[in-house]
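Residue numbers (my numbering): 1456 to 1819.
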């Protein structure tokens, strides 16, 4: 049986073609190689989220989280269970052993949650079971701050200028807005005036739910025309909510303006994102599994540079963190190591052969 060097000497064309095939395969593999800080490891993770409006953290822990954990804990293949209970919300993360089937794990968790449903309070929202992606950690963070615009307006700017244009970057799973403030109609009730009218907050809530609805109106048909009817039944402005009828007694009506006030504000006023003491909102990119972080972030910088030219005056966009920096540093160290190794190989060959021409032949 001929050895590799015999084939290379006797059949140089075949050896050349074989070498070229190896080189081309290596180049194609290098071009398609994912660049990330850690290897792609996707342990099966299932999250269970449950909401109960108005419940404090202790109630959520005792009446929601613990019954669900006891039911889920008996599933075969569970590696760990972590949970978080806070006001009005319970979140349970179930991690299965590496190699477990994610779809089967989700089905098992869904079955155990259904079994425990009878032990939970009747007022809770239906538990939401989702497959979690362990790799979906933010890669880059862009902060938006301004002395001219409010956080509500900055959220709109982030949504309209950045989210849609960054979502199309190859390898991006989602674009999230941290510290966002969405518009909401806030109803402030005066307890004394509410009690004087013989009403409770539950009555106000019921009135809003019953009167703030979108109802189908049908259509009007004629011999030569057909019109679609759209009833204006939803409450849209501050005046609409102020005129909301809470109670009717004969010819007198109790409207919301009689027991409180209405203002257009933020949906969430309990949390705030700050940087260097200044309120702001942030745009973050989450990657798909196996995505090339370097190419994704490079394209992110190119698009942000183009977006900044269209931003309203007074909006400051700054990069808060970039998790590709340690990856770039590692790649630079690898390149330096290769160059040092190459130099040492050349030096060793020259010290043994004492001839530069002969030394350069293996390098070619």
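Where a beta carbon is used, it is the ideal one built from N, C-alpha and C, also for glycine.
This structure is a prediction, so every number in the text was calculated from the model and none was measured.
Please report how far the alpha carbon of residue i lies from the alpha carbon of residue j, in whole angstroms.
| i | j | result |
| --- | --- | --- |
| residue 1640 | residue 1697 | 11 angstroms |
| residue 1650 | residue 1713 | 12 angstroms |
| residue 1781 | residue 1812 | 40 angstroms |
| residue 1593 | residue 1751 | 12 angstroms |
| residue 1806 | residue 1532 | 59 angstroms |
| residue 1600 | residue 1563 | 45 angstroms |
| residue 1529 | residue 1604 | 52 angstroms |
| residue 1728 | residue 1681 | 52 angstroms |
| residue 1762 | residue 1559 | 43 angstroms |
| residue 1636 | residue 1598 | 14 angstroms |
| residue 1726 | residue 1541 | 14 angstroms |
| residue 1701 | residue 1707 | 11 angstroms |
| residue 1581 | residue 1568 | 10 angstroms |
| residue 1824 | residue 1480 | Not covered by the structure: residue 1824. The range shown for the chain is 1456 to 1819. |
| residue 1772 | residue 1607 | 16 angstroms |
| residue 1519 | residue 1790 | 53 angstroms |
| residue 1661 | residue 1573 | 26 angstroms |
| residue 1610 | residue 1736 | 7 angstroms |
| residue 1537 | residue 1694 | 46 angstroms |
So, is residue i buried or exposed, given that buried needs 16 or more other C-beta atoms within 10 angstroms?
| i | result |
| --- | --- |
| residue 1509 | exposed |
| residue 1746 | buried |
| residue 1675 | exposed |
| residue 1474 | exposed |
| residue 1500 | buried |
| residue 1584 | buried |
| residue 1677 | exposed |
| residue 1638 | exposed |
| residue 1632 | buried |
| residue 1798 | exposed |
| residue 1800 | exposed |
| residue 1784 | exposed |
| residue 1482 | exposed |
| residue 1668 | exposed |
At a threshold of 6 angstroms, does residue i count as lining the ligand SAH (C-beta to nearest heavy atom)?
| i | result |
| --- | --- |
| residue 1563 | Among the ligands in the structure shown, none appear at all, so the ligand SAH cannot be discussed. |
Please state whether DSSP places residue i in a helix, a strand or coil.
| i | result |
| --- | --- |
| residue 1717 | strand |
| residue 1476 | helix |
| residue 1798 | helix |
| residue 1642 | strand |
| residue 1555 | coil |
| residue 1684 | coil |
| residue 1730 | strand |
| residue 1652 | coil |
| residue 1600 | strand |
| residue 1788 | helix |
| residue 1580 | coil |
| residue 1627 | strand |
| residue 1566 | helix |
| residue 1810 | coil |
| residue 1764 | coil |
| residue 1742 | strand |
| residue 1783 | helix |
| residue 1699 | coil |
Compute the beta-carbon to beta-carbon distance between residue i and residue j, rounded to the nearest angstrom, for a pair I have assumed lies under 8 angstroms.
| i | j | result |
| --- | --- | --- |
| residue 1550 | residue 1534 | 5 angstroms |
| residue 1711 | residue 1595 | About 45 angstroms; that fails the 8 angstroms criterion. |
| residue 1627 | residue 1734 | The pair is not a contact, with the Cβ atoms about 26 angstroms apart (cut-off 8 angstroms). |
| residue 1515 | residue 1555 | Going by Cβ atoms, the distance from residue 1515 to residue 1555 rounds to 28 angstroms, so no, they are not a contact pair. |
| residue 1630 | residue 1738 | 6 angstroms |
| residue 1547 | residue 1523 | 6 angstroms |
| residue 1663 | residue 1621 | Not quite, the Cβ-Cβ distance comes to about 36 angstroms (not below 8 angstroms), so this is no contact. |
Cβ of residue i less than 7 angstroms from any chain B Cβ?
| i | result |
| --- | --- |
| residue 1684 | In the structure shown, chain B cannot be found, because there is only a single protein chain. |
task: Please list the segments of the beta strand (DSSP E) lying wholly inside the segment 1487-1548, counting only runs of 3 or more residues, in order along the chain.
output: Qualifying beta strand (DSSP E) stretches, in chain order: 1500-1506 and 1533-1541.
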